[in-house]
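Note that my numbering numbers the sequence shown so that position 88 is 88, with each residue one more than the last.
We put the beta carbon where it would ideally sit given N, CA and C, even for glycine.
Predicted, not measured: the structure shown is a model, and the values here were computed from it.
One structure below.
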Amino acid sequence: MDSLSYKTISANASTVEKEWVVIDATNEVLGRLCSQVAKILRGKHKPSYTPHTDCGDYVIVVNADKVKLTGNKMTDKVYVRHTGYPGGQRFATPEDYLSKKPEFVIEKAVRGMLPKTRLGDALFKNLKVYAGAEHPHAAQTPKTIKLNEIK
């Protein structure tokens, strides 16, 4: 009998096709940028998305130092860390990090949007963030995309 048969295709490590993507963070709002980056890293923009597999693309974010935060978040938002010693709680604002280590702000936001599992750790390794406009991944021939092109 000749009839159409539709089967659910579950992607695995050998069938996934990964691409390299460059996103420019100049004048982009931090949360909106990072949610799109997390979606691409996870692979949710692909029709072959499989929740338990790393089927996303490699993402290169350039100009991380030019990202924006809305409202008063640049001075009011606080990142808290602990040194591990008594009384070792340390506080920093995005303004502090953007002047010293601008990659951290984007990495921290994207990290919070990924699964808190081994899969999330593997996905996070596919993210490359650079403060300036240059990146060392030209050999991978990444394609540049704009955030408003992502659905």
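Check, Outcome
"The segment 47-56 contacting the segment 65-77, beta-carbon criterion three pairs below 8 Å", "no"
"CA nearest to the CA of residue 142, picked from 58, 108, 73 and 74", "58"
"Straight-line Cα distance separating residue 3 from residue 23", "44 Å"
"Status (buried if at least 16 other CB within 10 Å, exposed otherwise) for residue 38", "buried"
"Buried or exposed (CB count within 10 angstroms, at least 16 for buried), residue 121", "exposed"
"Proximity winner among 41, 62 and 52, relative to residue 27 (alpha-carbon distances)", "62"
"3 or more residues per run - each beta strand (DSSP E) lying fully within the segment 12-78", "20-24 and 58-62"
"Presumed contact (8 Å Cβ cut-off) between residue 78 and residue 89, rounded CB distance", "Incorrect: roughly 11 Å between the Cβ atoms, too far for contact."
"For residue 42 and residue 16, the rounded distance between their alpha carbons", "12 Å"
"Start and end residues, alpha helix (DSSP H) containing residue 131", "No alpha helix (DSSP H) contains residue 131, which DSSP labels as neither H nor E."
"DSSP three-state assignment for residue 116, whether helix, strand or coil", "coil"
"Nearest residue (CA-CA) to residue 103, options 128, 29, 20 and 86", "128"
"Helix, strand or coil at residue 101 [DSSP, three-state]", "coil"
"Bridge-paired residues (DSSP) for residue 80", "91"
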